[in-house]
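Student: Chain order of the listed sequences is A and B. According to my numbering, the residues represented by the first sequence are 86 to 551, in order. According to my numbering, the residues represented by the second sequence are 86 to 551, in order. Backbone N, C-alpha and C define an ideal beta-carbon position, used for all residues, glycine too. Keep in mind that this is a model prediction, so the values were computed, not measured.
2 protein chains.
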Amino acid sequence: MATPLDPTALGFLLAENRRMPMHVGGLQLYRKPPDAGRNYVRDLFESMRDTIDIAPLFLKRPYRSIKTAGQWVWVEDDQFDIDHHVRHSALPKPGRVRELFELCSRLHSTRLATERPLWEWHLIEGLRDGRIAMYTKLHHSLVDGIAAMRLLQSIVSSDPDERDMPAPWAKRPPRSKIGKAQEAAEHATAGEALSALKTALGISADAAGIPKALVQTLNRSLRNETSTLALFAPNTILNREITASRRFAAQDWPLERIRAIGKATGTTLNDVVLAMCSGAMRTYLSELDALPETSLIAMVPVGLHAKARHAGTGGNAVGSIMVKLGTDLEDPLDRLLLIHASMLDGKQALAQMTPLQIQAMSAVGQVPAILPTLLGMTNMVRPAYNLVISNVPGPRTTQYFNGAEMLGTYPLSVPIDGNALNITCNSYAEQMAFGLTGCRRTVPHLQRILTYLDDEISALEKVAGV
Amino acid sequence: MATPLDPTALGFLLAENRRMPMHVGGLQLYRKPPDAGRNYVRDLFESMRDTIDIAPLFLKRPYRSIKTAGQWVWVEDDQFDIDHHVRHSALPKPGRVRELFELCSRLHSTRLATERPLWEWHLIEGLRDGRIAMYTKLHHSLVDGIAAMRLLQSIVSSDPDERDMPAPWAKRPPRSKIGKAQEAAEHATAGEALSALKTALGISADAAGIPKALVQTLNRSLRNETSTLALFAPNTILNREITASRRFAAQDWPLERIRAIGKATGTTLNDVVLAMCSGAMRTYLSELDALPETSLIAMVPVGLHAKARHAGTGGNAVGSIMVKLGTDLEDPLDRLLLIHASMLDGKQALAQMTPLQIQAMSAVGQVPAILPTLLGMTNMVRPAYNLVISNVPGPRTTQYFNGAEMLGTYPLSVPIDGNALNITCNSYAEQMAFGLTGCRRTVPHLQRILTYLDDEISALEKVAGV
Numbered sequence: 086m087a088t089p090l091d092p093t094a095l096g097f098l099l100a101e102n103r104r105m106p107m108h109v110g111g112l113q114l115y116r117k118p119p120d121a122g123r124n125y126v127r128d129l130f131e132s133m134r135d136t137i138d139i140a141p142l143f144l145k146r147p148y149r150s151i152k153t154a155g156q157w158v159w160v161e162d163d164q165f166d167i168d169h170h171v172r173h174s175a176l177p178k179p180g181r182v183r184e185l186f187e188l189c190s191r192l193h194s195t196r197l198a199t200e201r202p203l204w205e206w207h208l209i210e211g212l213r214d215g216r217i218a219m220y221t222k223l224h225h226s227l228v229d230g231i232a233a234m235r236l237l238q239s240i241v242s243s244d245p246d247e248r249d250m251p252a253p254w255a256k257r258p259p260r261s262k263i264g265k266a267q268e269a270a271e272h273a274t275a276g277e278a279l280s281a282l283k284t285a286l287g288i289s290a291d292a293a294g295i296p297k298a299l300v301q302t303l304n305r306s307l308r309n310e311t312s313t314l315a316l317f318a319p320n321t322i323l324n325r326e327i328t329a330s331r332r333f334a335a336q337d338w339p340l341e342r343i344r345a346i347g348k349a350t351g352t353t354l355n356d357v358v359l360a361m362c363s364g365a366m367r368t369y370l371s372e373l374d375a376l377p378e379t380s381l382i383a384m385v386p387v388g389l390h391a392k393a394r395h396a397g398t399g400g401n402a403v404g405s406i407m408v409k410l411g412t413d414l415e416d417p418l419d420r421l422l423l424i425h426a427s428m429l430d431g432k433q434a435l436a437q438m439t440p441l442q443i444q445a446m447s448a449v450g451q452v453p454a455i456l457p458t459l460l461g462m463t464n465m466v467r468p469a470y471n472l473v474i475s476n477v478p479g480p481r482t483t484q485y486f487n488g489a490e491m492l493g494t495y496p497l498s499v500p501i502d503g504n505a506l507n508i509t510c511n512s513y514a515e516q517m518a519f520g521l522t523g524c525r526r527t528v529p530h531l532q533r534i535l536t537y538l539d540d541e542i543s544a545l546e547k548v549a550g551v
Numbered sequence: 086m087a088t089p090l091d092p093t094a095l096g097f098l099l100a101e102n103r104r105m106p107m108h109v110g111g112l113q114l115y116r117k118p119p120d121a122g123r124n125y126v127r128d129l130f131e132s133m134r135d136t137i138d139i140a141p142l143f144l145k146r147p148y149r150s151i152k153t154a155g156q157w158v159w160v161e162d163d164q165f166d167i168d169h170h171v172r173h174s175a176l177p178k179p180g181r182v183r184e185l186f187e188l189c190s191r192l193h194s195t196r197l198a199t200e201r202p203l204w205e206w207h208l209i210e211g212l213r214d215g216r217i218a219m220y221t222k223l224h225h226s227l228v229d230g231i232a233a234m235r236l237l238q239s240i241v242s243s244d245p246d247e248r249d250m251p252a253p254w255a256k257r258p259p260r261s262k263i264g265k266a267q268e269a270a271e272h273a274t275a276g277e278a279l280s281a282l283k284t285a286l287g288i289s290a291d292a293a294g295i296p297k298a299l300v301q302t303l304n305r306s307l308r309n310e311t312s313t314l315a316l317f318a319p320n321t322i323l324n325r326e327i328t329a330s331r332r333f334a335a336q337d338w339p340l341e342r343i344r345a346i347g348k349a350t351g352t353t354l355n356d357v358v359l360a361m362c363s364g365a366m367r368t369y370l371s372e373l374d375a376l377p378e379t380s381l382i383a384m385v386p387v388g389l390h391a392k393a394r395h396a397g398t399g400g401n402a403v404g405s406i407m408v409k410l411g412t413d414l415e416d417p418l419d420r421l422l423l424i425h426a427s428m429l430d431g432k433q434a435l436a437q438m439t440p441l442q443i444q445a446m447s448a449v450g451q452v453p454a455i456l457p458t459l460l461g462m463t464n465m466v467r468p469a470y471n472l473v474i475s476n477v478p479g480p481r482t483t484q485y486f487n488g489a490e491m492l493g494t495y496p497l498s499v500p501i502d503g504n505a506l507n508i509t510c511n512s513y514a515e516q517m518a519f520g521l522t523g524c525r526r527t528v529p530h531l532q533r534i535l536t537y538l539d540d541e542i543s544a545l546e547k548v549a550g551v
């Protein structure tokens, strides 16, 4: 039953420490179905907990011993205890979204125990409007963000009348939609891109091999003037060592508003999302008297479907573009147009790269959280980038889980030393959710960024004339 | 402002790891005052959180750097963030004690962040009978169990009409009752006993000095046939390596019932408490088919007031007796009488020890949690003892906090490698509380021990004829 951990999974496991847990999280809000009875939440919890047959992805735990010659392997947890993983929580009164974020911040701050499968699921009651929430925590060594999102999508249904839908961790027939997603998630971090990289660069499967190979790769990229990695970011308060506690905040804006700005200015949806972040970060850092004179640089993971397939690395490859956010510019429109140009430059640079370089970029894109730690980038005088902003598309239509309507889905990501703030966006139905995860100490009053995002979308609408 | 950590505090800090957080906890149950309004809990939470002036004990955090020459020192947290420490939580429905224990188990499983003062306080609402709970978490390097109990006692009042009582962490005048308790708690781990030991044995203040000196001490005790440490305990499932997650359960029994058994059998209150634990552990281990043929040995910390004072080590000294629990005996009365004899033997052995030996014992008693780790006792073929059972006296009369009646107080302690279960008892008013803290994996179904404790008090009443 023992399978060796692939290099990425191993990297996440080894890079983890008390101050930097390496798990991603997802928060979903649901409206109870119209026919929900008095014990709906309790019954839902019990039906999830009483899952007998667990999918392999949710049963495996990392293990090393003399018997495995000191290598980390995945083994099945032979004392699997579902009560440890499936948890029921509640919010104190008044049960606002504020209390929900506070609870999620705490849950996201604690480390998963490696003696057990690396996941937790919390059903949360006590929102004053009767909505229920689910917070899921998955170790990054288990799945990457995109595979996690696909797994989520495979679990919900567009049919409001579908019932008896099993828990996400229930074992499914391998050929079913969910069975396939579980299978894909299980192999996602093994990652075709990384496997190819491993072969191309001759990375050995042991941990020591990763940093060296990635240092070479990164050095090569940094030396290349046209590279998407060749920008230098200013030093900011976001690029410090972090502490163990997290703050999470999230909010949706209508996709329609974002699209309208893009249409009126000739920019993309993603450009407008980045411009919202840019304006919000400018205001946030100004308020703290910490705005650098030169522009913030965001690391933006982008899909590389066509190119990656061409390079034989499969369809899941992700590259990264270093985007100038224009936080030194006063005018919201100037910022948006700079971002648009910067994204185009980055995409062109990617297009000119050799398959080997793209494979390397894909690896960088897949492992942003472990790279700086492994490379010691936190000690660089100037950081390579100031924050990670990613935008992961989600379901396009309204989804249901056992009749409960999913009202929103918000990602929680992984702040690390040198990158104390992470913004992850998820589109869902007609909304765009912004999830902010930061170190509670290094990023003070993180929740204020939500207000500034809201100010910025209005400012962009004004300059775009919509 | 920087004060070096004393050796015990340092020991707790260094012995801590992901699987073994070194904090103690306290759970108190309160009944709301008769005049409590609709927003009572929220108002109470806010008044606690809005404390401006914080006592030094609750402001200091451990710190080391090149500036401190690599030594750990206490410094004041200059970014103190009370929202991180003072937390509001709620129980999911149905809000039974079971849900409360589940939440406390989770809260007790997570580690305190060393970037901040080493404490948390949780106000918990959602018990279906309207009671409220408070869970406090304090790092063992900050206070020992007895100092924590004294601090608690100094905070509550026997006057149900007293209001405007400040938070436990509020700074008080140094000459006030609470000011003195805070001061005492702050210096408790510095411990006169340990200071004396340090001087007597020439322990240097650095970490490396502790294990060596304690190994010498322990070896000396183990070589002494009359020593209270000279027993050998059988190997049991409790004496294994532990995992990171905890299970906590607690219950009260009337002191009157325990006293009546003692009176009828010529034994002490503490003997009966130990006999209850003995019978419960016998049943528990039998059910798991894991009862050893020879008796379990409990490490029982005892007060050494007179003797310790005589030895010039102050009034807080604690020694330890290794007590045969008689779990190999079938009859509850036989077990009680064996425990009684074993306690007398141990006390006599302590009485015959030299001041130096008592000082050493005091050190052992103060640092049970770090000893096996530092000494590598987890690798011994036979453990020195099977579990720690301590009995800390609490307030004798009903106590109130801002008019809320304290209904019970339950201690959460520190399981460690080789000692997966810890039983701590607290007397309060007319009750004796048993708090069980165990590794969730190594001590399966820990909560069943409560049932067996209840069975055992009835069995003892029967054999004692009361």
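Thinking C-alpha only, which one of A:H169, A:K152, A:P147 is nearest V160 of chain A?
Tutor: A:P147
Student: Residues of chain A with CB closer than 7 Å to the CB of A329 of chain B, please, in chain order.
Tutor: Residues of chain A whose Cβ lies closer than 7 Å to the Cβ of A329 of chain B are, in chain order, A198, E200.
Student: What are the residues that DSSP puts in a beta bridge with R331 of chain B?
Tutor: B:C524
Student: Would Q484 of chain B and S243 of chain B qualify as a contact pair, given that the criterion is a beta-carbon distance under 8 Å?
Tutor: Result yes, Cβ atoms of Q484 of chain B and S243 of chain B sit closer than 8 Å.
Student: So, for T527 of chain B: in the same chain, excluding its five sequence neighbours on each side, which residues have a beta-carbon less than 6 Å away from its beta-carbon?
Tutor: R325, I327, A505
Student: Consider the Cβ of G96 of chain B: report whether some Cβ of chain A lies at a distance smaller than 8 Å.
Tutor: no
Student: Anything in chain A within Cβ reach of L176 of chain B, meaning under 8 Å, just list it in chain order.
Tutor: Here the neighbours are A175.
Student: In chain order, what residues of the same chain have a beta carbon less than 6 Å from the beta carbon of T153 of chain B, not counting five sequence neighbours either side?
Tutor: none
Student: Which of helix, strand or coil does DSSP assign to A109 of chain A?
Tutor: Before going further, note that residue 109 of chain A is Val rather than Ala in the sequence given. V109 of chain A: strand per DSSP, three-state reduction.
Student: Measure the Cβ-Cβ separation of F97 of chain B and S194 of chain B and say whether it is below 8 Å.
Tutor: no
Student: Give, in chain order, every residue of the segment 150-169 of chain B whose Cβ lies closer than 8 Å to some Cβ of chain A.
Tutor: Q164, D166, H169
Student: Just checking: is the beta-carbon of T195 of chain B within a distance shorter than 8 Å of some beta-carbon in chain A?
Tutor: A Cβ of chain A is located within less than 8 Å of the beta carbon of T195 of chain B.
Student: Closer than 8 Å, CB to CB, is E131 of chain A near chain B or not?
Tutor: no
Student: At least one CB of chain A closer than 8 Å to the CB of G211 of chain B: is that the case?
Tutor: yes
Student: Between A:L112, A:G493, A:E268, which has its C-alpha nearest R260 of chain A's C-alpha?
Tutor: A:E268
Student: Use the C-beta contact count for H425 of chain B: other C-beta atoms within 10 angstroms, 16 or more gives buried, fewer gives exposed.
Tutor: buried
Student: Anyone know if the C-beta pair for V158 of chain A and L114 of chain A falls short of 8 Å?
Tutor: no
Student: Say whether chain B places a C-beta atom closer than 8 Å to the C-beta of R134 of chain A.
Tutor: no
Student: So what does DSSP say about D120 of chain B, is it helix, strand or coil?
Tutor: In this structure, DSSP gives D120 of chain B a state outside helix and strand, which the three-state scheme calls coil.
Student: Can R103 of chain A and R331 of chain B be called in contact, C-beta distance under 8 Å?
Tutor: Judged by beta-carbon spacing, R331 of chain B lies beyond the 8 Å limit of R103 of chain A, meaning their Cβ atoms are not closer than that value.
Student: With a threshold of 8 Å between beta-carbons, can R559 of chain A be considered close to chain B, or not?
Tutor: Because chain A is modelled from 86 through 551, residue 559 of chain A falls outside the range shown and cannot be assessed.
Student: Quick one: grab the DSSP three-state call for R257 of chain A.
Tutor: coil
Student: Counting only beta-carbon separations shorter than 8 Å, does L279 of chain B have a partner in chain A?
Tutor: In this prediction, L279 of chain B has a pLDDT of 42, which is less than 50 and means its spatial position is unreliable; what the coordinates show is noted afterwards. For L279 of chain B, the answer is no, since every Cβ of chain A falls outside 8 Å of its Cβ.
Student: If you measure from the beta carbon of R103 of chain B to each beta carbon in chain A, is any gap under 8 Å?
Tutor: yes
Student: Name, going along the chain, the residues of the segment 112-132 of chain B whose beta-carbon falls closer than 9 Å to a beta-carbon of chain A.
Tutor: N124, V126, R127, F130
Student: Within 10 Å of its beta-carbon, does H530 of chain A have 16 or more other beta-carbons around it, so buried, or fewer, so exposed?
Tutor: exposed
Student: Going straight from the alpha carbon of L376 of chain B to that of D416 of chain B, what length do you get?
Tutor: 15 Å
Student: By Cβ distance below 7 Å, which residues in the same chain neighbour S427 of chain B in space, the five residues on each side in sequence not counted?
Tutor: V408, K409
Student: Counting Cβ pairs closer than 8 Å, one from the segment 531-545 of chain B and one from the segment 179-187 of chain A, do we hit at least three?
Tutor: no
Student: From D166 of chain A to I139 of chain A, what distance separates their C-alpha atoms?
Tutor: 11 Å
Student: Using 8 Å for Cβ pairs, my map puts E205 of chain B next to R257 of chain B. What's the rounded Cβ distance?
Tutor: Rounded, the Cβ-Cβ distance is 21 Å, inconsistent with contact.
Student: Smallest Cα separation from D420 of chain A: which of A:H207, A:A544, A:L144?
Tutor: Note that residue 420 of chain A is Arg in the sequence shown here, rather than Asp. Nearest option by C-alpha distance: A:A544.
Student: Please name the residue in A:A318, A:T350, A:D413, A:K348 whose C-alpha comes closest to that of A365 of chain A.
Tutor: Per the Cα distances, A:D413.
Student: Which first and last residues belong to the beta strand (DSSP E) in which H224 of chain B is found?
Tutor: 217-224
Student: Considering just the uninterrupted stretch of the beta strand (DSSP E) at S475 of chain A, what are its terminal residues?
Tutor: Run containing S475 of chain A: 472-477, per the beta strand (DSSP E) assignment.
Student: For M105 of chain A, which residues from the same chain have a beta carbon less than 6 Å from its beta carbon, with the 5 sequence-adjacent residues on both sides left out?
Tutor: I501
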